[in-house]
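Visitor: Protein chains in written order, with the numbering used here: chain S, 1 to 340; chain P, 1001 to 1279.
By construction, the Cβ of each residue, glycine as well, lies at the ideal position given by its N, Cα and C atoms.
Computed from a prediction, not measured in an experiment: that's the story for all the values here.
Below are the structure tokens for one structure; questions will follow.
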Amino acid sequence: MLNYIIKRVLWMIPLLIGVSLISFLIIHLAPGDITNNEGAFNPKTSAESRQKLRELYNLDKPVIVQYGLWLKRMVKLDFGNSFQTHRKPVFWGTFDKEGNYTPGMIQESIGKTLIINILGLIVTLILAIPLGVIAARKYGQWQDKSITLFNFVGFSIPSFWLILLLMYWVGVINNWFPISGWQSLNYESLSTWEQIKDRFAHLFLPVMVPSITGLAGITLFVKNGMLDVLYQDYITTARAKGLSEHKVVYTHALRNALLPLITIVGLSIPGLIGGSVIAESIFAINGMGKLFFDAVTARDFPVVMGILTIGSALTLIGNLVADIAYAWADPRVRRGVTQQ
Amino acid sequence: MNTSVLKKALSNPLAKSGFIIILTVFILAMLAPWISPYDPDDINVKAILLDPSAQHWMGTDGLGRDVLSRMLYGGRISLLVGLVAVGISTAIGILLGALAGYYRGWVDTLIMRLVDVMLSIPSFFLILAVIAFLTPSIYNVMIVIGLTSWMGVTRLVRAEFLSLSSREFVQAARTLGAKDARLIFTHLLPNSLTPIIVSSVLGVAGAVLLESGLSFLGLGVQAPQASWGNILSDGKNYIQFAWWLSLFPGLAILMTVLGYNLLGEGLRDALDPRSGSSK
């Protein structure tokens, strides 16, 4: 088991190098270079000051050297200062002379994105597993057909459209939930209980909408997994032993059908980080997705590179955790691994 | 692929309904230049934001353009993007998957590591970044979606090749002295078609969703060209009094994507040799 973990961790290194290469290539896709932002459009800047700017950013060195410098800084997670917000650091915060701490941009926003997406995943799982089990047990009957139809619609619907419709229905016509922001304006002055209610109200739509679209794939997956398992011999044995149907389905069948689910959850980890760009932009929640979109439109390279790198690193770590969880959960893999 | 396989494929109810939907959308899009009542770019300031009526079945938008016509032409765009993007990603996927599955060894490892790297970058971020750094245009959208969706096909083709290479007919052909290219194109590829077809159909669904999302964000099809995504984007500003701008394009995207998903899943059910056993 330990060997497996060590091997997987070591594999991450070439992958991270690959990610850094691709990120580096993307930056250099943009026609013109960074000095255009600060130099070319201002007719007063002379050729010398632009050249100085180039040297400052190491743009006059050969590409390989630039890549090496990029790699060195990437390892330290130092992406430079954001262009937009006038030198506010991208990741690690700064201490100014009085020791006041200004958090980095990604640091501020990543919490919100993770909260929304992880909550969304939890809601999805809570809803999808029972639905999948029902669909499997009532295969071919109306429950199965309607659940399946609901799911197909769920993963065919464009999420931004669903958000618009729900915002209009829930937020504007019936004023059940607030449709934007992370908290109300008077959040600070509310009691703790009211703060919790307020947070819940603001998070309701942003969490529910992606859950509905994510629900579909997982429900069908659980259903197919259950169908595969329910016809196996050991289930027939359990029934023959006289176990109640409830025990047969939930204790024996479900446990085995859920194993591939760990893999699926692992595959949705990139979505946890990057999947909420549209939702955050529409709901005006300052998470990483919105930060990324704003940065991309403003050509704010340090922020873009920072988010790409952090996002990829988190994905790799998430996949590692999912793989280890799967190896731990599936006794076949565990035994097989230690036999190597 | 002979006719009995095709018949079996299309007898699946999911596949049938999906196919009908797709065919309808396709025909409407193809006939757009002939059946659209107005020119989609016809600005008419006297007819701004009109309700759906007999003259304008789906109303008009903020510049007085007929929404139905824009929807028909938008359908052409969405389908075009979907098909080209999937074409690119399938081509790349078949190429890399075949190389990895046939030659194995370091070629396989290298290609699989490349797949892993591409899979670890959140793809929406990657697409956004690349399109925004180049200029947003319909061609860039097609190419970028194609360049970020080939990983699944690669894995499928590679798996098929790996499992097929140990079958007798392949061994026999090899013994008879067949060269690499012949083995790949005559023997291995044709028998790997099933997952490729399923993956392509489902890929079109994903590509249409992606394109509409990008157009909604302003990074896809640019105005004045109509795309379902950018009609929705215009419409969101008027949602309270011009509901038709937000309803019809969304419905169109939903139906098209649903059609492709139904067809893909239906084909997968029908053509997968395993699914006959447990049901």
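State the start and end residues of the unbroken alpha helix (DSSP H) segment that holds T1135/P.
Guide: Here T1135/P belongs to no alpha helix (DSSP H), and DSSP marks it neither H nor E.
Visitor: Identify, in the order they occur along the chain, each residue of the same chain with its Cβ nearer than 8 Å to the Cβ of V1170/P, setting aside the five sequence neighbours on each side.
Guide: Counting only Cβ-Cβ distances below 8 Å, and skipping sequence neighbours, we find L1164, L1183, H1187, L1188.
Visitor: Under 8 Å between C-beta atoms, does D1116/P make it to chain S?
Guide: Yes, because at least one Cβ of chain S sits closer than 8 Å to the Cβ of D1116/P.
Visitor: Got a sec: is the Cβ-Cβ distance from A1226/P to anything in chain S below 8 Å?
Guide: Taking Cβ atoms only, chain S never reaches closer than 8 Å to A1226/P, which makes this a no.
Visitor: So, is the C-beta of V265/S closer than 8 Å to a C-beta in chain P?
Guide: No - not a single Cβ of chain P is within 8 Å of the one on V265/S.
Visitor: Skipping 5 residues on each side, what residues in its chain have a beta carbon closer than 6 Å to that of Y1073/P?
Guide: A1032, P1040, A1226.
Visitor: Which stretch, first to last residue, makes up the alpha helix (DSSP H) that contains T309/S?
Guide: Run containing T309/S: 301 to 329, per the alpha helix (DSSP H) assignment.
Visitor: Tell me the residue span of the alpha helix (DSSP H) that contains D1039/P.
Guide: It is not in any alpha helix (DSSP H) - D1039/P carries neither H nor E in the DSSP assignment.
Visitor: Output the distance between the C-alpha atoms of Q51/S and K61/S, rounded to the nearest integer angstrom.
Guide: Going from the Cα of Q51/S to the Cα of K61/S covers about 12 Å.
Visitor: Nearest CA to the CA of I179/S: which residue from I118/S, S211/S, I27/S, S281/S?
Guide: I179/S has its Cα closest to that of S281/S, out of I118/S, S211/S, I27/S, S281/S.
Visitor: Whether or not the region 1079 to 1086 of chain P and the region 1132 to 1142 of chain P are in contact is what I'm after, with contact meaning three or more pairs of Cβ atoms, one per stretch, closer than 8 Å; do they touch?
Guide: As far as the Cβ criterion goes, the region 1132 to 1142 of chain P touches the region 1079 to 1086 of chain P, which means the pair count is three or higher.
Visitor: Grab the span of the alpha helix (DSSP H) containing K197/S for me, first residue to last.
Guide: It spans 192 to 230 - the alpha helix (DSSP H) in which K197/S sits, taken as one unbroken run.
Visitor: Would you kindly work out how many angstroms separate the C-alpha atoms of V153/S and T1256/P, rounded to a whole number?
Guide: Distance between the alpha carbons of V153/S and T1256/P is about 11 Å.
Visitor: Where in the region 1206 to 1254 of chain P do unbroken runs of the alpha helix (DSSP H), each at least 4 residues long, occur, reported from the N-terminal end onward?
Guide: You should have 1228 to 1235.
Visitor: Please classify W161/S: is it buried, with 16 or more other beta-carbons within 10 angstroms of its beta-carbon, or exposed?
Guide: Under this definition W161/S is a buried residue.
Visitor: Specify the secondary structure class of N186/S as computed by DSSP and reduced to three states.
Guide: DSSP places N186/S in coil when its eight states are reduced to three.
Visitor: In whole angstroms, what separates the C-alpha of D294/S from that of M288/S?
Guide: Using only the alpha carbons, I get a separation of about 10 Å.
Visitor: Quick check on A1159/P - is its C-beta less than 8 Å from some C-beta in chain S?
Guide: No, no contact with chain S.
Visitor: For the region 123 to 170 of chain S, list the alpha helix (DSSP H) runs that are entirely contained and at least 4 residues long, ordered along the chain.
Guide: List check, alpha helix (DSSP H) in window: 142 to 156, 159 to 166.
Visitor: Note down the Cα distance separating I235/S from Y1102/P, rounded to an integer number of angstroms.
Guide: About 39 Å.
Visitor: Entirely within the region 1059 to 1129 of chain P and at least 4 residues each: give me those alpha helix (DSSP H) ranges in chain order.
Guide: For the region 1059 to 1129 of chain P, whole alpha helix (DSSP H) runs of length 4 or above, ordered along the chain, are 1067 to 1103, 1105 to 1120.
Visitor: Where do the N-terminal and C-terminal ends of the alpha helix (DSSP H) with P178/S fall, by residue?
Guide: It is not in any alpha helix (DSSP H) - P178/S carries neither H nor E in the DSSP assignment.
Visitor: Nearest-angstrom Cα distance between T148/S and I218/S?
Guide: Their backbone Cα atoms lie some 11 Å apart in a straight line.
Visitor: Along chain P, which residues have their Cβ under 9 Å away from the Cβ of T315/S?
Guide: Correct list: L1119, S1120, I1121, P1122.
Visitor: Assuming contact is defined by CB atoms lying nearer than 8 Å, are H1085/P and A1207/P in contact in what I supplied?
Guide: Inspection of the sequence shows that residue 1085/P is occupied by Ala rather than by His. Yes, these two residues count as a Cβ contact at 8 Å.
Visitor: Please confirm if T192/S has its CB atom under 8 Å from at least one CB of chain P.
Guide: Not one chain P Cβ lies under 8 Å of T192/S.
Visitor: Please identify the residue among I317/S, D330/S, Y326/S whose C-alpha is closest to the C-alpha of M12/S.
Guide: Comparing Cα-Cα distances from M12/S to each of I317/S, D330/S, Y326/S, the minimum goes to I317/S.
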